[in-house]
């Protein structure tokens, strides 16, 4: 009986401390999920006079109100022929 009273006192003490400090024992979804930032993709396409073509992509993300260059961004290039997109290249 004394063991049960001892564990009950420990449980009450932990509960009071958790409540007083607003400790959460559950894991947040944000803590489990990988970090996701709002991203901006800028695509520029240049057709030169010698008929060569050049495309460039800049990917940036917003972090704490500042724009930073994103890394590990997966970008797929598609060529659309009517309603059928064809994957040209996938880069990271």
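In the numbering used here, the protein residues as written are 867 to 958. Each residue gets a CB set at the ideal place from its N, CA and C atoms; glycine is no exception.
| Query | Result |
| --- | --- |
| Helix, strand or coil at residue 946 according to DSSP, with G and I counted as helix | strand |
| Nonlocal neighbours in the same chain, by C-beta distance under 6 Å from residue 912, ignoring five residues either side | 920 |
| Contact under 8 Å by Cβ, residue 941 with residue 952 | no |
| Own chain, CB closer than 8 Å to residue 915, minus 5 neighbours either side, in chain order | none |
| Beta-carbon proximity list for residue 917, same chain, < 8 Å, skipping 5 on both sides | none |
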